[in-house]
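Residue numbers (the working numbering): 180 to 872. Report on the structure given below.
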């Protein structure tokens with residue numbers, strides 16, 4: 180169908196349809212150009228809403244109606260469950276947006292005052308448009324230089340440079356940038372184009388310390404006024420208003436998600452609120468939250484919660500946190516503290532004011548007058564709407580109809596709503612929205628960018644997918660003990676290390692000893708030291724901080740080993756402190772000697788114990804991985820902690836002594852000099868293999 184035919188069918192003029200097409204980025208220029216099926220669907224969506232106000236009032240009851248948030252569970256209602264006022268407002272927004280012929284600034288090429296970008300094979304017409312001078316005048320000047328040219332002829336860089344000087348302009352060759360790697364593409368805006376944006380805040384803390392209650396209290400008291408009939412949507416992000424200023428909150432389900440997003444390069448948080456219960460003090464997850472916030476290098480506000488309880492002791496909390504580097508401002512430090520009761524709502528205003536204070540000091544700004552870029556907060560697949568994605572706009576303005584690339588997905592913004600379920604036509608910086616229209620479901624933490632045309636977006640998405648497939652089998656450049664010396668030569672000043680040990684005393688001893696190492700001004704920085712088995716959370720933190728994990732008398736299971744391998748995180752295991760120190764110093768000096776590498780050959784789970792007076796304890800075991808050999812060394816692991824390390828004494832299968840037993844078979848195992856085995860223990864068999872570097 181041509182533009183002319185479509186305009187006739189919709190009772191519009193050809194110019195009106197062309198205006199809509201330009202707003203949507205549909206590549207047509209005249210009434211005779213053909214419209215694709217996708218283009219017609221996009222136009223139908225726009226023009227369906229562009230009706231008279233009297234018609235809209237007749238469509239919907241003016242009483243308050245709730246937005247149906249469970250579209251995936253119930254049949255979709257064709258009539259939008261919003262009020263007539265919101266429908267009218269949205270229609271006006273869209274009409275104004277698409278009638279506006281002024282386009283946002285592209286993220287690909289950034290304009291500079293008095294600078295003209297010269298493209299390869301640039302024509303006289305293109306040059307005249309870039310410099311803002313009539314083409315006939317450019318042709319005359321070229322003639323005076325002895326060059327005969329028409330508007331469609333190419334102009335050389337040298338000729339264009341001479342003409343640019345005549346008009347007090349500077350000519351630069353356009354740099355070719357691989358925009359498919361837009362996460363690494365730094366957009367430099369003119370300072371005069373930057374506008375203040377709301378701060379983006381994440382609340383973190385130990386379980387049961389009141390994080391959820393605080394979020395709920397802030398939402399009920401301060402959430403931006405909802406449209407009549409709307410209900411708050413669960414999209415993982417929302418905005419509140421304090422003193423006529425907006426604050427954006429990201430509701431992270433756990434510290435793993437927060438760190439995982441950082442590990443993928445998605446720095447979304449400006450400020451972290453660390454919530455600590457006044458009657459409980461510092462707990463394990465509190466320490467993790469501090470580590471994650473410091474790794475993110477963002478300001479921390481401490482909210483001392485549950486001050487309404489008789490056992491509350493704020494001074495105790497401040498003293499404990501001061502030991503972790505969070506010295507209260509009232510004690511001469513630089514960390515803001517607020518005493519609150521999330522349950523009763525006291526202290527909330529002071530907390531929000533402190534957020535605004537930091538925001539004012541940090542001057543968070545963005546340029547709303549360009550195509551949008553930002554980060555995925557949440558995503559899901561809905562059987563009715565398809566891919567539903569929560570986006571946080573970090574720069575620029577996102578509009579309905581904008582072509583998007585999100586991770587390796589692409590598409591157009593078909594619908595866009597805020598956290599109240601209200602349909603909106605555009606979203607400015609720091610605004611969280613959920614959209615539909617992508618061809619797949621992206622991953623939380625993926626970056627997105629809007630482009631001028633759908634063709635460009637599709638091309639970039641395909642290139643990103645190709646690169647992802649190519650690099651999936653390649654090992655990424657992460658720090659290991661073996662390459663520390665080369666990293667130091669490149670200028671690295673801190674070697675980040677995470678310490679996990681079986682006992683608190685051991686963890687502190689390893690941390691203290693490692694941090695005393697200094698080689699030519701380079702120091703070891705222990706970003707986290709804790710007790711217990713190595714977990715996925717440790718792997719994520721190590722990846723985000725580019726750290727090595729040092730395990731002392733702890734052993735990761737196969738799942739954790741594989742997870743570390745997938746994330747290219749090195750785990751080094753020791754049972755003697757001086758050995759860890761020796762290897763670290765040698766690595767930093769570039770003198771790490773050839774050594775023996777431990778090779779895990781198999782593991783077995785103890786399922787039954789048999790005691791004999793002469794033999795001792797035989798562990799009836801099931802080999803769940805690899806092979807158990809009678810000549811191998813072994814360690815006994817209980818709840819992720821190494822209990823004993825020694826040699827395998829013997830292996831029996833069906834009353835016969837055997838040299839080895841493979842995966843999937845049962846056997847009896849004895850450990851030399853050790854009988855204190857328990858059901859559920861893991862017997863890990865290993866061999867030491869000499870390696871050469």
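We put the beta carbon where it would ideally sit given N, CA and C, even for glycine. Treat the numbers as computed from the prediction; the structure is a model and nothing was measured.
- Pairing residue 704 with residue 721, the inter-Cα distance amounts to about 12 Å.
- For the pair of segments examined, the region 741-748 was found not to touch the region 859-868: the number of CB pairs separated by less than 8 Å stays below three.
- In the structure shown, residue 777 falls within a strand segment according to DSSP collapsed to helix, strand and coil.
- A straight-line Cα-Cα distance of about 59 Å links residue 810 and residue 636.
- Residue range 527-541 is occupied by the alpha helix (DSSP H) that includes residue 540.
- Residue pairing by DSSP places residue 552 opposite 574, 628 in a beta bridge.
- DSSP links residue 318 through a beta bridge to no other residue.
- Rounded to the nearest angstrom, the gap between the Cα atoms of residue 300 and residue 213 is 29 Å.
- Residue state for residue 346 is assigned as coil, using DSSP reduced to three classes.
- As DSSP reads the structure, residue 306 sits in no beta bridge.
- When 303, 313, 803 are compared, the shortest CA-CA separation from residue 339 is found for 303.
- Per the coordinates, the alpha-carbon of residue 479 lies some 7 Å from the alpha-carbon of residue 453.
- Per DSSP, the unbroken alpha helix (DSSP H) holding residue 470 starts and ends at 463-475.
- For residue 468 against residue 383, the beta-carbon gap comes to about 4 Å, under 8 Å, which counts as contact.
- When DSSP states are grouped into helix, strand and coil, residue 757 belongs to the helix group.
- Apart from the 5 residues on each side of it in sequence, residue 305 sits with its Cβ closer than 8 Å to the Cβ of 298 in its chain, given in chain order.
- Approximately 7 Å separates the beta-carbon atoms of residue 418 and residue 611; this is inside 8 Å, confirming the contact.
- In the three-state reduction of the DSSP assignment, residue 742 falls in the helix class, which pools H, G and I.
- Scanning 532, 319, 539 for the CA closest to the CA of residue 376 turns up 539.
- Here residue 575 is not near residue 609, since their CB atoms are 8 Å or more apart.
- With contacts defined as CB atoms closer than 8 Å, residue 839 and residue 816 fail to qualify as a contacting pair.
- Just measuring C-alpha positions, the residue of 820, 520, 833 sitting nearest residue 489 is 520.
- Cβ-Cβ distances below 8 Å link residue 632 to 204, 206, 582 in the same chain, with the five nearest sequence neighbours on each side left out; the list follows chain order.
- Sequence-distant partners of residue 333 (beyond 5 residues in either direction) whose C-beta falls short of 7 Å from its own C-beta, in its chain, are 300, 301, 302.
- Residue 500 and residue 534 do not touch by the CB rule: their CB atoms are close to 18 Å apart, not below 8 Å.
- Within the same chain, Cβ atoms closer than 6 Å to the Cβ of residue 748 are found at 718, 721, 722, the five residues on either side in sequence being excluded.
- Nearest C-alpha to residue 448 among 727, 466, 471: 471.
- For residue 696, no beta strand (DSSP E) encloses it, and the DSSP letter there is neither H nor E.
- For residue 496, the enclosing alpha helix (DSSP H) starts and ends at 493-501.
- Our two residues, residue 787 and residue 386, have alpha carbons roughly 37 Å apart in a direct line.
- For residue 805 against residue 845, the beta-carbon gap comes to about 15 Å, at or over 8 Å, which does not count as contact.
- Of 592, 832, 821, 819, the smallest CA-CA separation from residue 220 is found for 592.
- If the five residues before and after residue 790 are omitted, its C-beta is found closer than 6 Å to the C-beta atoms of 796, all from its own chain and listed in chain order.
- In the structure shown, residue 763 falls within a helical segment according to DSSP collapsed to helix, strand and coil.
- Less than 8 Å divides the Cβ of residue 692 from the Cβ of residue 756.
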